[in-house]
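With the working numbering applied, the sequence shown covers 227 to 331. Below is one structure; the comments refer to it alone.
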Amino acid sequence: MRSDIFWLILGMTAVTYMTRISSLGLIRFMPPWMEKWLKYVPTSVLTILIVPALLLPQGRLDISLQNHYLLAGLVAALVAYKTRNVTATLGLGMAVMFSLRWLSI
Numbered sequence: 227m228r229s230d231i232f233w234l235i236l237g238m239t240a241v242t243y244m245t246r247i248s249s250l251g252l253i254r255f256m257p258p259w260m261e262k263w264l265k266y267v268p269t270s271v272l273t274i275l276i277v278p279a280l281l282l283p284q285g286r287l288d289i290s291l292q293n294h295y296l297l298a299g300l301v302a303a304l305v306a307y308k309t310r311n312v313t314a315t316l317g318l319g320m321a322v323m324f325s326l327r328w329l330s331i
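This is how it looks when you write it as structure tokens:
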């Protein structure tokens, strides 16, 4: 391997390592209000990823009974709320989606 590529990889490794270590060091000095606020970040990111897929399946707003993604998502959300069981939520959501696709063909 050429030495310039080796040094480039070593430099990128050092920069990546330092950014991760510095963020871990900042966690120790985080105020309690920020800790509480950061607990909501995963939920908000998941919502940002899921809602457009449910409401915009073909790139336009579709709130109808023909939107299988929305119907299966609503069933999955209800199961998740009632049972708090990931396996049941995924299983029933996929079963509803497959059955709606099968019945609509």
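We put the beta carbon where it would ideally sit given N, CA and C, even for glycine.
| Query | Result |
| --- | --- |
| When DSSP labels each residue in this structure, what does residue 230 get in the three-state scheme? | helix |
| Straight-line CA distance for residue 261 to residue 270? | 15 Å |
| Just to confirm before moving on: does the CB-CB distance between residue 305 and residue 313 stay below 7 Å? | no |
| For residue 291 and residue 264, I'd like the C-alpha separation in whole angstroms. | 36 Å |
| Can you give me the Cβ contacts of residue 282 inside the same chain, cut-off strictly under 8 Å, excluding the 5 residues immediately before and after it? | 288 |
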